[in-house]
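Chains as they are written, first to last, in our numbering: chain A, 1 to 262; chain B, 263 to 524. One structure is given below, encoded as structure tokens.
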DNA sequence: AGGTTGATTTAATCATACAATATTACGCCA
DNA sequence: TGGCGTAATATTGTATGATTAAATCAACCT
């Protein structure tokens, strides 16, 4: 597994026109992740970070290859991936330019990860809660209507796992996230799914914090209310219960965020 | 944009060597669209159509290249794009397999387009309205809170365009779509944006139908109410107005859908 | 039976050549 | 001089072949 053949892709004495500004790409680590994927990470991160402004052309392919010490194949495949995520757009002679952020697939896991790495957590969490507040009550209502027995069974299991978690904070958070994701799945509306996946990223830490102390007991009751309404197939009740749950979760986190450093 | 235009659909004459199983890919038309993009279209369509079940491996690279008559470069880049959209996943020796639909980026414009081509309109529109009903009222409320003067100006302009459309149905529909998209933009929450883009695809036709006749007058009033509430920065009012608007739009379309063939 | 090794298949990466295509710059004619 | 077509040119797109790395399966050995 350990390959001694370290070919670090050294940006060898380029010589000619040594550019004054250090390139915005970090050295590519030797993970077991594929090369084009690592390249895409570097590029995506640089773009999301704002190293290249919208409508600005990236350096030409060959130059990028040189900067990162990879072949054109790897670079092209990385670029192709970013195009698919809506970050860039490439045409012959015109170059590959950054698209306006409105076109980015902000719900894509990679894009999300890059943004989390460069954006301040505060505003990002607020935005996550905004969309969650919009979708989750409706998703709960739909889960009550459209959810199959299997969906409902999974919800029950997730809820049980939350209870069983006991003092284990990690287990609690995982079960919590699963519970909410299961709600989105139970809508049987694929447009809800990507939003359900969203919270696994930035929210783990916050959930873990919010899960401590006395909130735990109330959280169980409120999750139970949502579950009960869904199982009883009462959409309006489910929507209401979900709203209550979210309201309290938000204020919990607000309170924690403004309290002395954890 | 890079919208694919080719609508070949031609079940081409199987031609030379008659293979036992007909390949699920249509002949690639020579549009001005790039080759890898057309290949991605074929593959994506075939996957979304269900020609390859989840967890099932596609034919190996070389075989796929042969089937579509393209080089490995083109094929690889197409595959890379589909991986980026979450449709497939490829590893050496394991092959490239279709991922479970829960992982697909259903809000991606291409994925959406493929689904629209193979899914029946009925259920698809219902799902669109479900998520729209979840997000748009909240988006309107946020637009009232977070929207800048520029955002509000754009909203006003879009509304004016709806009025100016007069008898021009296309102009009305375009303005209508722009109006709603502007609401999502005004949230200043990038997670809402992809949902706002969604409706430009399947809904144009429906909007055009629903825009006819007496509905037009009422629609203007209701859009005006939403606009007014947003400009006045009254989130609760905006949310309520948006809900009314959506409720009527839904029932309009319901009514139309169940009426004799348009 | 269980784990280890090795062979095999498949994707991943590199390198190179050539084609297509926007942009830019030039030169032509009115 | 000014507008317009046209050639030069830079940059991405496509094709091909060779080599490397990785996952699977089967045989093998304990």
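Glycine is no exception: its CB is placed at the ideal position from the N, C-alpha and C atoms. This one's a predicted model, so the numbers in the text were calculated from it and none came from an experiment.
Query	Result
Euclidean distance between Cα positions of residue 357(B) and residue 321(B)	8 Å
Chain-ordered chain A contacts of residue 393(B) [CB-CB under 7 Å]	189, 191 and 192
Stretch pair the stretch 151 to 162 of chain A + the stretch 172 to 183 of chain A: three plus CB contacts closer than 8 Å	yes
Residues near residue 74(A) by beta carbon distance below 7 Å, same chain, minus five either side	35, 36 and 39
Backbone secondary structure at residue 102(A) - three-state DSSP	helix
Through-space distance from residue 463(B) to residue 383(B), alpha-carbon basis	11 Å
Proximity test, Cβ basis, 8 Å: residue 105(A) and chain B	yes
Closest by C-alpha distance to residue 479(B), when choosing among 459(B), 511(B) and 457(B)	511(B)
Residue-level contact to chain B via CB, residue 21(A), 8 Å cutoff	With a pLDDT of 49 at residue 21(A), under the threshold of 50, the predicted position of this residue should be treated as unreliable, though the coordinate-derived value follows. No - not a single Cβ of chain B is within 8 Å of the one on residue 21(A).
Element boundaries [alpha helix (DSSP H), containing residue 353(B)]	Per DSSP, residue 353(B) belongs to no alpha helix (DSSP H); it is in the beta strand (DSSP E), 350 to 353.
Length of the line joining the Cα atoms of residue 428(B) and residue 421(B)	12 Å
Contact check, residue 317(B) vs residue 286(B), beta carbons under 8 Å	no
Any chain A beta carbon closer than 8 Å to residue 383(B)	no
Buried versus exposed, by CB contacts within 10 Å (16 or more), residue 88(A)	buried
Selection of the stretch 130 to 164 of chain A by Cβ proximity to chain B, strictly under 8 Å	130, 131, 133, 134, 135, 137, 138, 139 and 142
Where residue 347(B) meets chain A, residues with beta-carbon distance less than 7 Å	84
CB-CB length for residue 425(B) against residue 482(B), believed under 8 Å	6 Å
Element boundaries [alpha helix (DSSP H), containing residue 224(A)]	215 to 231
8 Å Cβ cutoff met for residue 339(B) and residue 190(A)	no
is_contact[residue 364(B), chain A] using C-beta, thresh 8 Å	yes
Three-state secondary structure (DSSP) of residue 21(A)	Any reading at residue 21(A) must be qualified, since the residue scores a pLDDT of 49, below 50, and its modelled position is unreliable; no value is offered.
Within 8 Å, strictly: CB atoms of residue 401(B) and residue 461(B)	no
Contacts that residue 174(A) makes with chain B (C-beta to C-beta distance below 7 Å)	By Cβ distance, chain B contributes nothing, its closest Cβ being about 18 Å from residue 174(A), past 7 Å.
Residue nearest to residue 509(B) in terms of C-alpha spacing, selected from 491(B), 494(B) and 477(B)	477(B)
Cα-Cα separation, residue 111(A) to residue 126(A)	18 Å
Local Cβ density within 10 Å of residue 355(B), reported as buried at 16 or more and exposed below that	exposed
Through-space distance from residue 329(B) to residue 135(A), alpha-carbon basis	43 Å
Chain A contacts from the stretch 329 to 341 of chain B (Cβ-Cβ distance under 7 Å)	338 and 339
Any chain A beta carbon closer than 8 Å to residue 343(B)	yes
Residue span of the alpha helix (DSSP H) that contains residue 113(A), given as start and end	109 to 118
Alpha-carbon to alpha-carbon, residue 484(B) and residue 409(B)	20 Å
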